[in-house]
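Under the numbering used here, the first residue of the sequence shown carries the number 4, and numbering increases by one thereafter. Beta carbons: idealized from backbone N, C-alpha and C, even for Gly. Computed from a prediction, not measured in an experiment: that's the story for all the values here.
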Amino acid sequence: EPRRIVLSTDSPAALKVGTQQLIPKSLAVSSKPKNSPSRHQSFGASREPLSPDPKRAAVPILALEAEDEDDGGGALKRNLRNMSYRAAMKGLGAELEPPKAAPSLKPVSEDGSALPDRSPGRNKRTLGRKRVQKRGGSFKDQPRLYQEIRERGLNSVSHESDEDLLEESVPEEPSPLGAIVVQSYRPAQVTWSQLPEVLESGILQRISPEERKRQEAMFEIITSEYSYMHSLSILVGHFKRSEELRETMTQTEHHHLFSNISDILTVSTRQAGPGRGPGRPGRGPRAVHFFFEDLEKRYQEHLLISDISDIVEEHASKRFNPYISYCSNEVYQQRTLDKLLTTNPLFKETLKQIERKPECGGLPMISFLILPMQRVTRLPLLLDTVQQKTNACTAAYEAATRAVKAISKLVKSCNEGARAMERTEQMYTLQKQLEFGKKKPFPLISVSRWLLKRGELHVLLSEEAGIFRRGAGRLCHLFLFNDVLIITKKKSEESYTVMNYATLDQVTVEKVESTDPPSPPPVKAGGYLLRVVLEKDSEGRREEVVLSAETLSDRARWIAALMHRERKPDTTPKGDLSQVEITRAYLAKEADELSLQQADVVLVLGGEDGWCWGERLRDGERGWFPQACARPITSRVAAEGNVRRMERLRIETDV
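Pasting the structure below:
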């Protein structure tokens with residue numbers, strides 16, 4: 004008869020002792036508990052980690068402390084947890100894969116002595132290749148989604164000390180043993196200084212702090228490119244190539260939604276899926292270069308990374324054109340996605356099923372679609388960090404300068420392509436919607452004209468040729484372009500009747516306080532008022548209109564838009580202006596709003612009622628955004644550093 008297996012919780016010893024049992028001291032790590040759990044902490048085994056390894060995801064890690072991504076001593080705590088877990092499972096006879104969470108992080112005990120090295124083994128998760136060298140698997144063994152990482156190089160002044168990119172582990176006072184916390188395990192971002200070969204070589208003691216920061220910056224570009232490539236492969240493999248999703252939309256909608264995303268993936272690596280990559284017929288023997296593979300090859304050449312600026316310059320100037328096409332398609336992409344989500348229930352349900360897949364990390368498809376725009380706008384900042392950590396008057400510094408200039412020009416081309424496509428499409432649409440009737444038609448379509456703001460306001464009073472007419476609060480729809488104001492009455496969702504218009508050089512606007520009565524005859528004021536004067540309207544006459552906005556911020560935004568031609572350049576030094584860092588991405592919903600990415604820095608030029616008027620530092624674009632999606636930058640050193648950095652990038656782009 005086979006031997007019956009008794010679970011430890013049902014053993015006689017366990018039943019005798021009860022709920023409180025002794026465990027080997029070697030399995031516990033005593034550390035100071037944190038006041039609050041991190042956002043990745045789970046207090047039960049029901050939540051699985053976002054790891055692509057099913058063996059690792061099957062069993063939670065036992066630990067006394069929640070993981071903190073920003074804790075420089077995380078390497079110590081993570082490896083101790085892993086050893087405890089392996090030691091506990093060894094007795095159960097479990098067959099486990101050697102841990103690959105952070106294989107490059109060498110376990111270090113709290114007294115600073117090195118723990119025994121692990122036995123080397125073949126890495127099964129390095130893109131199907133034999134692991135000939137020890138280096139390279141550190142960030143490829145367990146790829147992370149690009150949306151989940153935080154690039155330190157985006158912060159211009161966060162690396163002022165030698166301990167900026169790697170904080171050494173500081174032993175904490177032991178705390179009384181408490182309840183063991185079961186949490187999901189998620190590896191932190193490995194840094195160049197944490198690589199075992201770097202630690203063993205002693206090179207950290209032979210290089211300067213600035214060179215160490217330069218190595219960290221270059222290594223971060225390489226590792227973040229791999230995460231970015233991994234996320235793009237998820238977008239292509241699980242969304243774009245999904246037959247179920249394709250069947251819910253037309254071919255045109257599918258093209259507008261995904262555009263040339265496969266080409267962008269192919270720019271980085273030959274791992275673009277079946278039928279993709281350099282092996283296409285008709286290419287001939289000419290060598291095909293891929294961005295990430297060139298970066299990885301340079302990284303593998305030497306322990307001390309020589310330089311990557313030449314690689315970035317080469318690809319940005321010659322092979323990144325697919326980014327311009329993709330960014331130019333952004334307006335069609337957003338419009339198509341919104342339409343499908345609101346009018347196509349089958350698409351919405353199918354999309355939800357794909358987003359629930361573990362490979363997608365529970366993230367919405369839109370977070371994958373915007374990745375090329377995010378990556379291409381972050382690369383200049385990451386390269387600028389490399390440049391600033393490179394000794395001036397050296398060949399490496401000149402190469403970094405050329406790389407920053409090349410990638411910045413690419414970003415400028417992407418922005419201009421997206422803006423031109425959006426404005427052209429918008430002008431053609433509005434031309435069809437506006438009906439001039441008895442009014443003299445106005446030729447709307449022009450390459451130099453674009454929409455600044457549109458929306459509804461209440462007409463309280465109008466005066467024309469000395470005759471006052473009460474508006475009785477009727478609604479009018481305003482279309483404000485960069486050179487003309489058109490006042491209309493809405494007929495339907497797709498049609499507007501033009502009531503009057505005037506070029507902006509003939510328009511003045513002023514705020515009307517509730518205590519100030521409008522011009523006679525008096526009317527009952529409501530909402531927040533503004534007076535708009537058309538000195539010479541479509542018929543050459545003067546007309547004055549008192550309008551009412553529903554909120555203070557709405558009135559402030561209309562006044563700012565109407566006065567944009569009269570706005571004088573701000574002479575205040577930008578370093579003295581308030582700055583905010585964007586903590587939550589925001590997608591502009593109106594023409595005068597500013598789309599923002601997480602970690603963007605914005606100069607605050609004004610504000611009203613929960614909204615801020617500001618200038619996006621990375622490209623100088625201005626617009627409104629919710630105050631709730633930003634936090635103030637209180638450090639004056641950080642603020643001045645941000646301004647210097649952005650001005651330098653813009654100058655190099657314009658050269």
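Excluding sequence positions up to five away, which residues of its chain have a Cβ less than 8 Å from the Cβ of LEU298?
In the sequence shown, counting from the first residue as 1, residue 298 sits at position 295. These residues qualify, in order along the chain: ILE224, ILE225, GLU228, ILE311, ILE314.
Given 6 Å as the limit, tell me if ARG634 has its C-beta closer than that to any heavy atom belonging to the ligand PLP.
Looking for the ligand PLP in the displayed structure turns up nothing, as the structure carries no ligands at all.
Within a Cβ cutoff of 7 Å, which residues of the same chain sit near ASP486, ignoring the five residues on either side of it in sequence?
Within the sequence shown, the letter at position 483 stands for residue 486. Cβ neighbours of ASP486 beyond the five flanking positions: ARG452, THR506, LEU507.
Quick check on GLY440: buried or exposed, where buried means 16 or more other Cβ atoms within 10 Å of its Cβ?
The residue you call residue 440 lines up with position 437 of the sequence shown. By the 10 Å Cβ count, GLY440 comes out exposed.
Under 8 Å, with one C-beta from each stretch per pair, do the segment 432 to 450 and the segment 397 to 409 reach the 3-pair mark?
With the cut-off at 8 Å, the segment 432 to 450 and the segment 397 to 409 do not touch.
Separation of THR575 from GLN377, as counted between CA atoms
Numbered from its first residue, the sequence shown carries residue 377 at position 374. Numbered from its first residue, the sequence shown carries residue 575 at position 572. Going from the Cα of GLN377 to the Cα of THR575 covers about 30 Å.
Cβ-based burial, ARG557 [other Cβ within 10 Å; buried from 16]
Here residue 557 refers to the residue found at position 554 of the sequence shown. In the sequence as presented, Arg is not what sits at residue 557; that position holds Asp. Per the 10 Å Cβ criterion, buried.
Would GLY364 and LEU599 qualify as a contact pair, given that the criterion is a beta-carbon distance under 7 Å?
Reading the sequence shown from its first residue, position 361 is the one you call residue 364. Reading the sequence shown from its first residue, position 596 is the one you call residue 599. Result no, Cβ atoms of GLY364 and LEU599 do not sit closer than 7 Å.
Distance check for GLY644 and ILE695, CA to CA, integer angstroms please.
Residue 695 lies beyond the stretch modelled for the chain, which goes from 4 to 658, so this question has no answer here.
Contiguous beta strand (DSSP E) assignments of at least 3 residues, all confined to the segment 538 to 606:
The DSSP assignment places complete beta strand (DSSP E) segments of no fewer than 3 residues inside the segment 538 to 606 at 546 to 552, 582 to 585, in order along the chain.
Out of curiosity, what's the CA-to-CA distance linking GLY280 and THR269?
Counted from its first residue, the sequence shown places residue 280 at position 277. Counted from its first residue, the sequence shown places residue 269 at position 266. Any reading at GLY280 must be qualified, since the residue scores a pLDDT of 36, below 50, and its modelled position is unreliable; the value itself is stated next. Near 6 Å, if we compare the C-alpha coordinates of THR269 and GLY280.
What three-state label does DSSP hand PRO629 in the structure shown?
For the purposes of this step, residue 629 is taken as the residue at position 626 of the sequence shown. It is a strand residue.
Euclidean distance between Cα positions of TRP561 and GLU593
Here residue 561 corresponds to residue number 558 of the sequence shown, with the count starting at 1. Here residue 593 corresponds to residue number 590 of the sequence shown, with the count starting at 1. The straight-line gap from Cα to Cα measures roughly 12 Å.
What did DSSP end up calling LYS351 once you bin it into helix, strand or coil?
Taking the sequence shown and counting its residues from 1, the one referred to as residue 351 is at position 348. Shown here, LYS351 sits in a helix according to DSSP, grouped into three states.
Is it true that the CB of GLU596 sits closer than 7 Å to the CB of TRP616?
The sequence position of residue 616 within the sequence shown is 613, counting from 1. The sequence position of residue 596 within the sequence shown is 593, counting from 1. Not closer than 7 Å, so no.
What are the boundary residues of the beta strand (DSSP E) that ALA505 is part of?
Start at 1 with the first residue of the sequence shown, and residue 505 comes out as number 502. According to the DSSP assignment, ALA505 belongs to the beta strand (DSSP E) that extends over 498 to 506.
Going by C-alpha to C-alpha distance, which of LEU344, CYS417, LEU532 sits closest to HIS461?
On the sequence shown, position 458 is the one that residue 461 refers to. Of the candidates LEU344, CYS417, LEU532, the one whose C-alpha sits nearest the C-alpha of HIS461 is LEU532.
Strand pairing of GLU513, partner residues [DSSP]:
One-based indexing of the sequence shown puts residue 513 at position 510. As computed with DSSP, GLU513 is found in a beta bridge with ARG534.
Could you check what DSSP says for ILE489 in three-state terms: helix, strand or coil?
Locating residue 489 in the sequence shown gives position 486, where the first residue counts as 1. In this structure, ILE489 counts as strand in the three-state DSSP scheme.
Anyone know if the C-beta pair for SER271 and ILE152 falls short of 7 Å?
Within the sequence shown, the letter at position 268 stands for residue 271. Within the sequence shown, the letter at position 149 stands for residue 152. Between SER271 and ILE152, the C-beta gap is not smaller than 7 Å, which leaves the two residues out of contact.
Within 10 angstroms of its Cβ, does GLN208 collect 16 or more other Cβ (buried), or is it exposed?
Along the sequence shown, one-based indexing puts residue 208 at 205. GLN208 is classed as exposed because its beta carbon has fewer than 16 other beta carbons within 10 Å across all chains shown.
Check this for me: beta carbons of VAL389 and VAL414, under 7 Å apart or not?
If you number the sequence shown from 1, residue 389 lands on position 386. If you number the sequence shown from 1, residue 414 lands on position 411. Going by C-beta atoms, VAL389 is not nearer than 7 Å to VAL414.
What residues match up with GLU611 in a beta bridge as DSSP calls it?
Position 608 of the sequence shown, counting from 1, holds the residue named residue 611. TRP614.
For a test of the three-state rule: what should DSSP assign to HIS461, helix, strand or coil?
Along the sequence shown, read from residue 1 onward, the residue named residue 461 stands at position 458. Strand, per DSSP.
Find out if the Cβ-Cβ distance for the pair GLN601, GLY613 is shorter than 7 Å.
Here residue 601 is taken as the residue at index 598 of the sequence shown, counted from 1. Here residue 613 is taken as the residue at index 610 of the sequence shown, counted from 1. Cβ atoms of GLN601 and GLY613: not closer than 7 Å.
Let me know the secondary structure DSSP gives PRO635 once reduced to three states.
Counted from its first residue, the sequence shown places residue 635 at position 632. Three-state result, PRO635: strand.
Residue range of the unbroken alpha helix (DSSP H) whose run includes MET252
On the sequence shown, position 249 is the one that residue 252 refers to. Neither: MET252 is in no alpha helix (DSSP H) and is coded neither H nor E.
Between the Cα of GLU219 and those of SER234, VAL201, MET232, spot the shortest distance and give me the residue it belongs to.
On the sequence shown, residue 219 is found 216 positions in, with the first residue counted as 1. Ranking SER234, VAL201, MET232 by Cα distance to GLU219 puts VAL201 first.
Local Cβ density within 10 Å of LEU463, reported as buried at 16 or more and exposed below that:
In the sequence shown, the residue the question calls residue 463 occupies position 460. Flag for LEU463 reads buried.
So, using beta-carbon positions, are PHE371 and LEU238 closer together than 7 Å?
Taking the first residue of the sequence shown as 1, we reach residue 371 at position 368. Taking the first residue of the sequence shown as 1, we reach residue 238 at position 235. Yes, the Cβ-Cβ distance between PHE371 and LEU238 is below 7 Å.
Can you pull the DSSP bridge partners for HIS480?
To locate residue 480, count along the sequence shown from 1; it is residue 477. HIS480 pairs with GLU459, THR491.
What distance in whole Å lies between the Cβ atoms of LYS456 and ALA564, which are believed to be in contact at a cut-off of 8 Å?
Against the sequence shown, residue 564 aligns to sequence position 561. Against the sequence shown, residue 456 aligns to sequence position 453. Right, the Cβ-Cβ distance comes to about 4 Å (below 8 Å), so this counts as a contact.
Please list, in chain order, all residues of the same chain as LEU349 whose beta carbon is under 8 Å from its beta carbon, the five residues on each side excluded.
Locating residue 349 in the sequence shown gives position 346, counting from the first residue. The residues are THR251.
Any alpha helix (DSSP H) of 4 or more consecutive residues that is wholly inside the segment 336 to 391:
Counting only runs of 4 or more residues that sit fully inside the segment 336 to 391, the alpha helix (DSSP H) segments are 348 to 358, 368 to 372, 374 to 391, in chain order.
For a test of the three-state rule: what should DSSP assign to ARG619, helix, strand or coil?
Translated into the one-based positions of the sequence shown, residue 619 becomes position 616. ARG619 sits in a strand when the DSSP states are folded into three classes.
Less than 8 Å between the CB atoms is what I'm expecting for VAL334 and MET424, so what's the real figure, rounded?
Here residue 334 refers to the residue found at position 331 when the sequence shown is read from its first residue. Here residue 424 refers to the residue found at position 421 when the sequence shown is read from its first residue. Approximately 6 Å separates the beta-carbon atoms of VAL334 and MET424; this is inside 8 Å, confirming the contact.
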